[in-house]
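First up is the structure itself, then whatever we jot down about it.
2 protein chains.
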Amino acid sequence: MTGLKTMLNPKVTAVIGVSTKNPFSPGNVIFRKLAFENGLPTYPINPKGGTVEGVDVHKSIVSAPEGIELAVISVPAKYVPGVLRECGEKKIRSVIVVSGGFSEVGENGASLQSEIIEIANRYKISMVGPNCIGVFVPDILDTFFLPSERVARPRKGNVALISQSGGWLIERLEEFAARDVGIAAAISIGNSAQTTGTDFVEHFGKDECVDVICAYIEGFGPGEGRDFVEACKKIAPKKPVVVLKGGESEAGHRATQSHTSSLAGNHAVTNAAFHQYGVIHALDEDEVMAYAKVFSFKPKYMLGPRIGTLTVSGGHGVIASDEASDYGLIMPPFSENEQAQMRAEMTPAYQGITSFRNPCDLTGSAADVDYERVLEKMLGFDSIDAALLLLLPYAPGISLQIGARVANVAKRYDKIVVAYVPDLDKYEVIIRGFELNGIAVGDTIEESVQMLNAIRMRSKYLQQIGKL
Amino acid sequence: MTGLKTMLNPKVTAVIGVSTKNPFSPGNVIFRKLAFENGLPTYPINPKGGTVEGVDVHKSIVSAPEGIELAVISVPAKYVPGVLRECGEKKIRSVIVVSGGFSEVGENGASLQSEIIEIANRYKISMVGPNCIGVFVPDILDTFFLPSERVARPRKGNVALISQSGGWLIERLEEFAARDVGIAAAISIGNSAQTTGTDFVEHFGKDECVDVICAYIEGFGPGEGRDFVEACKKIAPKKPVVVLKGGESEAGHRATQSHTSSLAGNHAVTNAAFHQYGVIHALDEDEVMAYAKVFSFKPKYMLGPRIGTLTVSGGHGVIASDEASDYGLIMPPFSENEQAQMRAEMTPAYQGITSFRNPCDLTGSAADVDYERVLEKMLGFDSIDAALLLLLPYAPGISLQIGARVANVAKRYDKIVVAYVPDLDKYEVIIRGFELNGIAVGDTIEESVQMLNAIRMRSKYLQQIGKL
Chain A
1 MTGLKTMLNP KVTAVIGVST KNPFSPGNVI FRKLAFENGL PTYPINPKGG
51 TVEGVDVHKS IVSAPEGIEL AVISVPAKYV PGVLRECGEK KIRSVIVVSG
101 GFSEVGENGA SLQSEIIEIA NRYKISMVGP NCIGVFVPDI LDTFFLPSER
151 VARPRKGNVA LISQSGGWLI ERLEEFAARD VGIAAAISIG NSAQTTGTDF
201 VEHFGKDECV DVICAYIEGF GPGEGRDFVE ACKKIAPKKP VVVLKGGESE
251 AGHRATQSHT SSLAGNHAVT NAAFHQYGVI HALDEDEVMA YAKVFSFKPK
301 YMLGPRIGTL TVSGGHGVIA SDEASDYGLI MPPFSENEQA QMRAEMTPAY
351 QGITSFRNPC DLTGSAADVD YERVLEKMLG FDSIDAALLL LLPYAPGISL
401 QIGARVANVA KRYDKIVVAY VPDLDKYEVI IRGFELNGIA VGDTIEESVQ
451 MLNAIRMRSK YLQQIGKL
Chain B
1001 MTGLKTMLNP KVTAVIGVST KNPFSPGNVI FRKLAFENGL PTYPINPKGG
1051 TVEGVDVHKS IVSAPEGIEL AVISVPAKYV PGVLRECGEK KIRSVIVVSG
1101 GFSEVGENGA SLQSEIIEIA NRYKISMVGP NCIGVFVPDI LDTFFLPSER
1151 VARPRKGNVA LISQSGGWLI ERLEEFAARD VGIAAAISIG NSAQTTGTDF
1201 VEHFGKDECV DVICAYIEGF GPGEGRDFVE ACKKIAPKKP VVVLKGGESE
1251 AGHRATQSHT SSLAGNHAVT NAAFHQYGVI HALDEDEVMA YAKVFSFKPK
1301 YMLGPRIGTL TVSGGHGVIA SDEASDYGLI MPPFSENEQA QMRAEMTPAY
1351 QGITSFRNPC DLTGSAADVD YERVLEKMLG FDSIDAALLL LLPYAPGISL
1401 QIGARVANVA KRYDKIVVAY VPDLDKYEVI IRGFELNGIA VGDTIEESVQ
1451 MLNAIRMRSK YLQQIGKL
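Those sequence lines, one after another, are chains A and B.
Under my numbering, the first residue of the first sequence is numbered 1, with each subsequent residue one higher.
Under my numbering, the first residue of the second sequence is numbered 1001, with each subsequent residue one higher.
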């Protein structure tokens, strides 16, 4: 779909449906963003003419200058077919239809939706929507009709987000910004009438700047589910595709019909299909975040399910053990010999109160140096495939340097290491110390376990298809 | 246990085991907190004498002045029996043993633990620990050996926290502070050798200032499990008791042995027992937070499982439907007539793009006034028992006043209302608007559903025992 390229990086844009009276009208918010914040040449369109924010309004796209690559349509549903046709005549190849009032509202809307699909196809327009908030590409463009000051913007990065729900997507942007995970692009596909999630998965599959693809899908039109997993199957050997499927309960299913009029599926069926096609199935937003974040680090592989865990709080070790068990990961007890080797690394005064069975509890008396030395010893053991660090910087012996120092130990080994550090501003230095040195940090014990699970699932998949 | 009262509100304290060399030694951190931050008369003890932070150190508790109500012991395990005996002779009735090196490290430690239990019993000492971080009571005392500047302190409130893990407890304090949920006290019971979780559940059961009791338990000693649930059963009709049980997986079970040497149980058995005794069983930290927070509001009851949901994002409605379904809550479709009544409340321009089947999606075009009016109509319907508000303040029509305004609508009805608002500083005004007016706000869609689940579970329990 050539239209997707210009959709995500247009030189000239137009917004059809700005109001000359209401500055908060969706079209006006979009116009201000494109024209003033993204700095793109942008033509506002309204049949009544006039001016908006001091700029002359064109009465139709037909009378606007040539060279428009992307048009954003935000007019009542009944006017969409007409203006879309004009876009086609004007040879605009990328169109985003923000307007709602299509198949999500019933039969009349469905026939209107068929009509615009037909027009888009006839004019070779790549159309995103209707009933969507459009696209956001860091530093390039933002067509979300939500005022910029209300929505966080993640930094440029390597995760592509595709969502059938604009609201869901916005919340991910907040979260990605808060967790400092960068995105390549965020796409709201809405009713995905013509251009679908599959098209974007294929697009980002080829994009060298994208290392992880994450999608929130509520349901597929007839036959679309198979296309989607087939597309994922082609891309999965190259990069992870993480999918959260909404509407899997009966109630949720009914809700999707009113939302994006999709046919939601059955959880077990989805899970089996996703697994077969190499899709990483996230079960909730937390898993989406955990998986996206850890894959954005382009992590090493995890050749088996065995984790060695290092903690300074026994309770955290217990909770991590329960969580790991839920995810099919194993914390094998260390041998007497291994335990003795690790204990010998501890400051002598604390050797008697520490425990090394796995999880290894260094207690609240441990200092940075204990943590470093025990980890170094542990990473050398063949009995584990990965290490999980549960780091509570509440203990007085833990300094702000621990993140960077421990990360340097981890670098000397081939094993994957993931950390948990409470996600608090006061511990930012520790978190940065880990992450700048390539170790992903979870903001809950559960998230750090989910991160290991993601890597294990991916490694297992690559082992199965003979790529690892 | 009379010793618990002075333990939580002592007039004079002593810290046995301060270092004259290492200011970061646990005893020193505790001494500074009690003496300088809590402003309590506090005697530092070390057999070598000398001074600490400019204060004279007593060579033993025996030679310290009279009137000490609470002693905190932080000396190597082997010295604990001796100093505990001295505390007994000195008629100190409340003792916290911070030291590790007891039953959690094996047989030698276990016999040392038996010895101190015997001493505490003989001298009628209420002993908390060993292997714990002690107690924190807002504005009164803090014996946690973690420097104050590293750990958040929630405001004074009505939730009592009891934990077998100090690390777990510290994280809850961070979370309660961040979410502005107040606590009455936080207790780390460690190995709970003598004073147990049961004792504290009974204590807080009688405390008029406590409206919710939350406990994290890794396991029980022989016979202790039954005592615990029996204690909960007596208190449950008066106030909710929320319990998270760690170590329920096989791996987690093994971890608890190294941590607090408890006998962890089996998940299904725990769940059945908790239910039978009126204990609210939280399955993870998120549920602990959701349940504690919503009960801290002393919410109305929820006489049935039917929820009416109001959203401005269809995707959020879908996710809430899935979550509600997981928790056995129902979102019944509204009748044609009810739908028409709600639609008529909307701004005419948006009536055509909204959906009222339940969840009701007012779309990103909705303004405060739409939200208020539709909610008012919905709360009047007999077809629902509670309302769930999914409020995304990203839409331009939503103002910062919406929380307080919607809360005022809710006040006119007997039904429970819970909201979800993204937990971001920029939306603090909205969250405060809700919460100051009695509506608990979840920081995820899932948490808001968990809050409704908590109220429904509690209401159902009270219905079953004939109290509602």
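Beta carbons: idealized from backbone N, C-alpha and C, even for Gly.
Given the structure is predicted, the values throughout are model-derived calculations rather than measurements.
> Where does the unbroken beta strand (DSSP E) through asparagine 158/A begin, and where does it stop?
Replying inline: 156-163
>> Quick check: what's the CA-CA separation for methionine 1342/B versus lysine 1460/B?
In response: 29 Å
> Given a limit of 8 Å on CB to CB distance, which residues of the segment 1336-1352 of chain B reach chain A?
Replying inline: Gly1352
>> Taking the beta strand (DSSP E) that tyrosine 1350/B belongs to, which residues open and close that run?
In response: From DSSP, tyrosine 1350/B is part of no beta strand (DSSP E); its letter is neither H nor E.
> Looking only at its own chain, which residues have a Cβ that is under 7 Å from the Cβ of glycine 49/A, when we skip the five neighbours before and after it?
Replying inline: Val57, Lys59
>> Using a Cβ-Cβ distance cut-off of 8 Å, determine whether phenylalanine 1024/B contacts chain A.
In response: yes
> Between the segment 1373-1400 of chain B and chain A, which residues of the former have CB atoms less than 9 Å from a CB of the latter, in chain order?
Replying inline: Leu1390, Leu1392, Pro1393, Tyr1394, Ala1395, Pro1396, Gly1397, Ile1398
> In angstroms, rounded to a whole number, what distance separates the CA positions of isoleucine 1445/B and isoleucine 1319/B?
Replying inline: 7 Å
>> Tell me which residues share the same chain as serine 957/B and place their Cβ nearer than 8 Å to its Cβ, disregarding the 5 neighbours each side in the sequence.
In response: Only positions 1001 to 1468 of chain B appear in the structure, and residue 957/B is not among them; the question remains open.
>> For a contact defined as C-beta to C-beta under 8 Å, what are the partners of leucine 146/A on chain B?
In response: Gly1364, Tyr1394, Ala1395, Pro1396
> Could you give the residue range of the alpha helix (DSSP H) that holds leucine 379/A?
Replying inline: 368-379
> Considering only C-alpha positions, which residue in the set Lys415/A, Ala386/A, Pro130/A, Thr363/A is nearest to tryptophan 1168/B?
Replying inline: Thr363/A
> Out of curiosity, what's the CA-to-CA distance linking glutamine 1351/B and alanine 152/A?
Replying inline: 29 Å
> Quick one: what's alanine 215/A bridged to in DSSP?
Replying inline: Ile162/A, Val243/A
> DSSP three-state call for arginine 1343/B: helix, strand or coil?
Replying inline: helix
>> Under 8 Å: do the segment 1425-1439 of chain B and the segment 1392-1412 of chain B share three or more Cβ pairs, one atom per stretch?
In response: yes
> Smallest Cα separation from proline 240/A: which of Ile213/A, Ser383/A, Ser249/A?
Replying inline: Ile213/A
> What is the residue span of the beta strand (DSSP E) that alanine 1193/B lies within?
Replying inline: Neither: alanine 1193/B is in no beta strand (DSSP E) and is coded neither H nor E.
>> Beta-carbon within less than 6 Å of serine 1296/B's beta-carbon, same chain only, minus the 5 sequence neighbours each way: which residues are those?
In response: Asn1158, Val1159, Val1181, Val1212
>> Taking CB distances under 8 Å as the criterion, tell me whether histidine 1203/B reaches chain A.
In response: no
> glutamate 947/B touches chain A at which residues, Cβ-Cβ below 8 Å?
Replying inline: No answer is possible for residue 947/B: the residues shown for chain B start at 1001 and end at 1468.
> Are three or more beta carbon pairs between the segment 1015-1024 of chain B and the segment 1038-1055 of chain B nearer than 8 Å?
Replying inline: yes
>> Could you check whether the Cβ of glycine 252/A sits closer than 8 Å to any Cβ belonging to chain B?
In response: yes
> In chain B, which residues lie with their C-beta within 9 Å of the C-beta of serine 249/A?
Replying inline: Ser1321, Asp1322, Glu1323, Ala1324, Ser1325, Asp1326
> According to the Cβ coordinates, are aspartate 385/A and lysine 411/A closer than 8 Å?
Replying inline: no
> Which of the three DSSP states, helix, strand or coil, is assigned to serine 1188/B?
Replying inline: strand
> Would you say the beta carbon of serine 1261/B comes nearer than 7 Å to a heavy atom of the ligand MG?
Replying inline: Annotation note on the ligand MG: not contained in the displayed structure, which lists no ligands.
> How big is the Cα-Cα spacing for asparagine 1358/B and proline 1332/B?
Replying inline: 7 Å
> chain B beta carbons: is any one of them nearer than 8 Å to that of histidine 259/A?
Replying inline: yes
>> So with CB distances below 7 Å, who are the chain B contacts of alanine 255/A?
In response: Gly1317, Val1318, Ser1321, Pro1359
>> Going by C-alpha to C-alpha distance, which of Gly1054/B, Ser1313/B, Asp1227/B, Ser1114/B sits closest to proline 1422/B?
In response: Ser1313/B
>> Rounded to whole angstroms, what is the Cα-Cα separation between histidine 203/A and lysine 234/A?
In response: 12 Å
> Hey, quick one: how far does the beta strand (DSSP E) through alanine 14/A stretch, first residue to last?
Replying inline: 13-16
> Any idea what DSSP makes of threonine 1256/B, helix, strand or coil?
Replying inline: helix
> Which stretch, first to last residue, makes up the alpha helix (DSSP H) that contains isoleucine 430/A?
Replying inline: 428-435
>> Give me the chain A residues within the contact set of methionine 1331/B, using Cβ-Cβ distance strictly less than 7 Å, ordered along the chain.
In response: Ala251
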